[in-house]
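Working notes, structure below.
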Amino acid sequence: MTSLLEIFDPKAPPRAIGIDLGTTNSLVAYVKNERPTAIQDCDGRALLPSVVHYGAAGEVVVGENAARRAAESPRETIVSVKRFMGRGADDPETARLGPYAFSIPKAGEPNVVRFDVRGKAITPVEVSAEILRALKRLAEDELRSVGGAVITVPAYFDDAQRQATKDAGRLAGLEVLRLINEPTAAALAYGLEKKQNGKFAVYDLGGGTFDITILVLDNGVFQVRSTGGDSALGGDDMDRALAEEIFAKTGRDPKTASPGEVRVVLDVARRVKHGLTGAQEVEVENPFGKEPKSVVITRARFDELVEPLLARTGVACRRALKDAEIKPGELDGVILVGGSTRVPAVRSYVAKLFGKEPLGDIDPDQVVALGAAVQANLLAGHGDVEDVLLLDVIALSLGIEVGGGIVDRILPRNTTTPAAARSTYTTQEDNQTGFEIHVVQGERELAADCRSLAKFTLRGIPPMPAGLARLELTFRVDADGLLGVHAVEETTGIEQTVSVKPSYGLDDETVEQMLLDAIDHGEEDLAARRLAEARLEAHRIVTSTRKSVVADADLLLAGERESIEAAVAKLEEVAKGDDARRVQLHIEDLDAATKDFAGRRMNRAIAQAIEGQKLDTVEQTVEHAKGIEAAHAHAPLPPPPASR
Ligand code: ADP
Ligand code: MG
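No gaps in the numbering here: position 301 of the sequence shown is 408 in my numbering, and each next residue is one more.
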């Protein structure tokens with residue numbers, strides 16, 4: 108939290124920030140006193156769940172509060188938006204990625220996925236921009252003003268996905284200094300660039316994705332040698348395996364459980380998982396409230412459950428090593444990234460797999476953002492370290508479609524970037540006066556099986572017999588991994604340069620329009636949004652206060668109930684008006700009125716925890732009590748689980 112006593116130097120240049128825009132969680136960091144540091148919110152949390160909720164009153168909620176609404180309004184709450192970045196509206200995969208409604212683009216609109224949320228079409232770029240805006244605000248609270256930003260992307264992200272990420276940054280009002288690959292950022296956080304040479308594996312197990320990257324450091328220069336992974340493997344799978352175990356132990360058939368019950372069990376499972384990171388066994392109350400009263404899950408059983416998941420990561424790791432032509436024994440270090448690498452079974456599996464203790468002493472949740480902050484700081488010209496030359500690779504081959512629908516690769520995968528390559532083509536038919544150039548990305552032989560990035564036509568070539576015209580194509584990939592194509596017909600000198608705006612991306616005009624809209628409606632949007640948010644907040648706090656006054660009536664002192672009720676009544680009254688500031692003031696009043704009471708409730712919750720109460724009830728009580736105490740800190744209470 109920013110201390111009011113901190114003195115800002117008005118002449119100090121704005122700080123550059125590093126952002127890890129994750130599938131499950133996102134965070135922002137900057138270099139503070141020469142150390143990369145994650146920025147925490149007012150509750151001391153650095154991780155912002157990558158969840159965006161669009162409310163009925165037009166309010167947009169990001170993070171923990173949005174995540175709490177996912178269950179009750181799944182279509183209005185977008186989770187894992189990263190999976191939708193750079194996808195086309197007609198992508199058959201999208202429907203499988205969540206409970207969302209999609210809106211079909213009108214004629215002439217760019218071919219991008221659009222969520223249909225309360226009748227409004229919202230692109231993944233806009234959703235990601237909300238997350239980035241929330242992070243930017245967090246950074247501004249700490250730094251006052253923010254310079255440029257480095258945003259990380261998975262090493263395998265293709266051109267469309269990178270472009271979409273950059274657009275989101277722009278839309279959020281950030282100057283995107285550079286996109287860097289997540290594993291490269293992790294290596295930077297460990298300062299590995301200071302060694303001269305070495306070979307490193309970056310093992311990243313997050314919430315829903317697994318990525319393995321082999322980095323080679325050659326005379327102080329990084330190259331991403333190979334990438335691999337599984338886009339449907341992560342901590343969520345561990346939660347599911349544990350949930351099945353809980354169903355089995357409570358004698359319930361998951362097939363007969365309601366979606367609400369499944370969600371509760373998954374929630375319990377995740378808490379058990381986190382508990383098992385530190386403890387050998389965890390006992391939880393039967394979520395169905397029947398016999399047996401509780402179930403115990405041991406670390407040993409959990410290890411068994413995750414074993415098949417780990418084996419899948421092993422397959423991907425071996426393949427990546429093979430692609431990089433490196434034997435496990437040749438590695439100089441293994442870096443752990445992602446929240447799921449906290450699981451002890453993961454650590455020991457990785458150690459065994461690579462025959463080496465992994466580096467894990469930087470918080471695996473934060474390591475990517477910290478590395479991005481280091482890079483941002485360098486790009487902003489701070490720090491006495493010489494600029495690190497970062498070389499990344501092209502994750503998927505880039506080429507064009509030639510006769511017969513076959514792909515001709517111009518820049519093969521794993522080429523280090525920035526990179527350029529040239530290739531020459533000729534006409535297929537007599538008197539052909541144009542070339543249709545279809546840029547594709549992927550490893551498949553047929554263009555139809557690859558990702559279509561862009562199509563353009565070079566015209567005006569005089570009629571010639573087939574095979575006489577000479578078209579020279581230059582592919583250039585910049586440091587962000589973005590592609591530009593230059594085409595020239597050599598006999599006539601006709602040329603064209605396109606910065607490839609992918610078929611699955613937003614065109615410049617659309618992004619421009621979004622920016623203009625944001626500026627046009629900026630003021631009113633903000634005021635309306637503040638009011639809607641304040642009202643929502645007031646409603647939640649009033650509800651939770653009422654509940655706890657009943658639940659813990661015995662903790663109320665004489666006269667306390669009356670003063671709390673008076674504060675509740677006043678807050679409800681001002682929430683009907685349209686002055687967001689007044690609502691906020693009365694939220695704070697209510698907070699003050701309940702402060703001591705909340706403290707007593709918290710103490711009781713903690714006392715119960717010490718007495719060895721069941722894990723889940725304790726966490727809930729503690730959270731409940733905190734909810735009141737931190738009312739002004741935007742921490743509304745979670746809805747009570749349906750089955751209890
Ligand atoms: P992403 O990169 O996908 O955004 P993260 O790196 O933030 O994801 O990882 C999130 C995952 O890490 C979640 O599945 C979460 O349950 C898991 N996780 C976080 N802390 C722990 C812990 N202490 N023990 C086990 N798993 C954890
Ligand atoms: Mg991550």
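Where a beta carbon is used, it is the ideal one built from N, C-alpha and C, also for glycine.
Please determine whether the Cβ atom of residue i lies at a distance below 8 Å from any heavy atom of the ligand MG.
| i | result |
| --- | --- |
| Arg-650 | According to the sequence provided, residue 650 is Thr. The question's Arg does not apply to it. Not so, every heavy atom of the ligand MG lies at least 8 Å from the Cβ. |
| Thr-130 | yes |
| Asp-344 | no |
| Gly-445 | yes |
| Asp-337 | no |
Which residues bound the beta strand (DSSP E) around residue i?
| i | result |
| --- | --- |
| Ile-229 | 227 to 229 |
| Thr-581 | 578 to 584 |
| Lys-562 | 558 to 566 |
| Asp-198 | That residue, Asp-198, is in no beta strand (DSSP E); it is neither H nor E in DSSP. |
| Val-402 | 401 to 405 |
| Ala-294 | Taken as a continuous stretch (DSSP letters only), Ala-294 belongs to no beta strand (DSSP E), being part of the alpha helix (DSSP H) at 289 to 296. |
| Glu-518 | Rather than Glu, the amino acid found at residue 518 in this sequence is Leu. Element bounds for Leu-518: 513 to 518. |
| Gly-440 | 440 to 444 |
| Leu-324 | 317 to 325 |
| Gly-541 | 541 to 548 |
Could you check whether the Cβ of residue i sits closer than 9 Å to any Cβ belonging to chain B?
| i | result |
| --- | --- |
| Gly-706 | Among the protein chains of the structure shown there is no chain B, as only one such chain exists. |
I need the DSSP call for residue i, collapsed to helix, strand or coil.
| i | result |
| --- | --- |
| Ile-507 | strand |
| Tyr-137 | strand |
| Gly-719 | Note that Gly-719 scores a pLDDT of 48, beneath 50, so its modelled location is shaky; the value from the coordinates is reported in the next line. DSSP places Gly-719 in coil when its eight states are reduced to three. |
| Tyr-310 | strand |
| Tyr-263 | coil |
| Glu-169 | Here residue 169 turns out to be Val, not Glu, going by the sequence shown. Val-169: strand per DSSP, three-state reduction. |
| Ile-146 | coil |
| Asp-127 | strand |
| Pro-747 | Its pLDDT being 31, under 50, Pro-747 is placed unreliably by the model, and nothing is read from it. |
| Glu-233 | helix |
| Glu-352 | helix |
| Pro-181 | helix |
| Ala-275 | helix |
| Thr-522 | coil |
| Gly-588 | coil |
| Asn-710 | helix |
With respect to the alpha helix (DSSP H) encompassing residue i, which residues constitute its N-terminal and C-terminal limits?
| i | result |
| --- | --- |
| Ser-670 | 667 to 683 |
| Ala-476 | 474 to 486 |
| Ala-458 | 451 to 461 |
| Gly-367 | 366 to 385 |
Does the ligand ADP have a heavy atom nearer than 8 Å to the CB of residue i?
| i | result |
| --- | --- |
| Asn-288 | no |
| Pro-471 | yes |
| Gly-315 | yes |
| Arg-454 | no |
| Met-192 | no |
| Leu-154 | yes |
| Ser-157 | yes |
| Asp-311 | yes |
| Arg-235 | A quick correction: the sequence has Ser, not Arg, at residue 235. Ser-235 Cβ: outside cutoff for every heavy atom of the ligand ADP. |
| Lys-380 | yes |
| Val-188 | no |
| Thr-384 | yes |
| Val-224 | no |
Within 10 angstroms of the Cβ of residue i, are there 16 or more other Cβ atoms? Answer buried if so, exposed if not.
| i | result |
| --- | --- |
| Glu-753 | Residue coverage of the chain in this structure runs from 108 to 751, which leaves residue 753 outside it and unanswerable. |
| Lys-702 | exposed |
| Asn-304 | exposed |
| Ile-513 | exposed |
| Arg-122 | buried |
| Ile-126 | buried |
| Lys-302 | exposed |
| Ser-447 | buried |
| Thr-363 | exposed |
| Val-403 | exposed |
| Gly-488 | exposed |
| Lys-380 | buried |
| Leu-664 | exposed |
| Val-657 | exposed |
Whole-angstrom Cβ separation of residue i and residue j, contact assumed at under 8 Å?
| i | j | result |
| --- | --- | --- |
| Pro-231 | Val-220 | 6 Å |
| Val-158 | Val-186 | 5 Å |
| Glu-644 | Phe-704 | Not a contact, Cβ separation roughly 19 Å. |
| Leu-477 | Pro-143 | 4 Å |
| Gly-396 | Gly-436 | Wrong, their Cβ atoms sit about 53 Å apart, outside the cutoff. |
| Val-375 | Leu-417 | Between Leu-417 and Val-375 the Cβ distance is about 23 Å, and since that is not below 8 Å, they are no contact. |
| Arg-269 | Gly-588 | 5 Å |
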